[in-house]
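Each residue of the sequence shown is one higher than the one before, counting from 14 in my numbering. A virtual CB, placed ideally from N, CA and C, is assigned to each residue, including glycine. Following: one structure in structure tokens, then a few remarks.
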Amino acid sequence: MTKDNEQKLPKSLIRIIDVTMELLQGNKINSENIASLYNVNKRTIYRDLQIIRENPIFNANYQMEFDSKQKNHFVTTDGKINTKEILAIIQIVMGSRALSKSELDGIIKHLRKLVVTKDQFKIDKLLKRDYLPVKTSGKLLEHIGDFTDFIESRTEIEFTYQGSRPDSDNQRLRRGVPLSLYFSNFYFYTVIFSETKGSRVYRLDRILNYRALESTISIPREKWADGASVRNFTYLLNGGRKSYFKIKYSAYPWTALDKLPNSKIVSREPDGSVIIEGYLFLQGLKFWVLSQGTFVKVLEPHSLIEAVKKELQASLDQYK
């Protein structure tokens, strides 16, 4: 509240507003301390609290409680979301390991306020658990906010990017318009369209710096569709070209199907294995195939077969 507004309002109303804000922020109110702070008697503060309690908007969302031991007034809520749902959300966020410890704590504290007051101790227990995030700058939420704005306003940006290869050029300036933002396997990604390279996927935390440009760029309608659908092909690494594939898989089929979006079983073999086909980025598919050992055999394309054979041979050579 500005000083100009304060001068227009009666002191009693300013006091009630201040006390209300303290309560809604989760603070406890001691009537004696508040009376001393505003230079009024305790009976006046009791009347203020009664006015707050009887306000229909306040009454519909909060309950005024009194701690007889500490002589404090405080507010409780019935909760805006089921406690089990909040606990599930927090566990998922923690399991993602994408956020820094401080960013995670901030989110949990905000979610805590949505839970019915008597269950908030369950949330507090989660705050005490060990949390091991992936390597992060601690600015992921800031980046998410900025890139959400870029996507909404279709703003072209200039940025530098740290690639996954040690010899990648992270000093070269790149330009493009962010089309979408999504999360997969520990990291947030953004799809950025440029006139020279088309739509490409970048890991958000590897964008070292960025700035908005005033220039405009014409984006074909189908490229906006790419930005919305690319997540269907990126449960794995998204390097390389998107291509048709066919594999033979001998372990539990859903282990493969969960990792290979838009894939399907096309046949079941007499030995209990299945044939799966679909479309994916080949680099990510190659690394997944290598992680499955003898459970998987690539049938198509030939380029992926050769890439897997080369990688396996290089691994064997290291043990000679």
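- The C-alpha of Ser207 lies about 37 angstroms from the C-alpha of Ile121.
- Annotated as proximal: Leu293 and Lys255, with beta-carbon spacing under 8 angstroms.
- Phe71 sits away from Asp80, with the two beta carbons spaced by 8 angstroms or more.
- With respect to the C-alpha of Asn198, the residue from Glu116, Leu127 and Arg110 having the closest C-alpha is Arg110.
- Two segments are said to touch when three or more pairs of C-beta atoms, one from each, lie closer than 8 angstroms; by this definition the stretch 93-103 touches the stretch 128-135.
- With a 10 Å radius around the Cβ and a threshold of 16 neighbouring Cβ atoms, Pro23 comes out exposed.
- In this structure, the alpha-carbon of Gln104 lies about 13 angstroms from that of Leu112.
- In the structure shown, Tyr144 adopts coil according to DSSP, grouped into three states.
- Nearest Cα to Lys84 within the set Gln38, Arg224, Arg219 and Glu45: Glu45.
- CA-to-CA, the gap between Tyr262 and Lys310 works out to about 7 angstroms.
- Under the DSSP assignment, Arg66 falls outside any beta strand (DSSP E), being part of the alpha helix (DSSP H) whose first and last residues are Lys55 to Glu67.
- Distances from the alpha-carbon of Leu192 to those of Leu329, Ser280, Gly306 and Asp162 put Asp162 closest.
- Per DSSP, the continuous beta strand (DSSP E) segment holding Phe206 begins and ends at Tyr200 to Ser207.
- A straight line joining the alpha-carbon of Asn40 with that of Arg66 spans about 16 angstroms.
- Out of Leu226, Phe196, Arg187 and Asn222, the CA that lies nearest to the CA of Ser212 is found in Arg187.
- Leu325 is not a Cβ neighbour of Phe258, given a cutoff of 8 angstroms.
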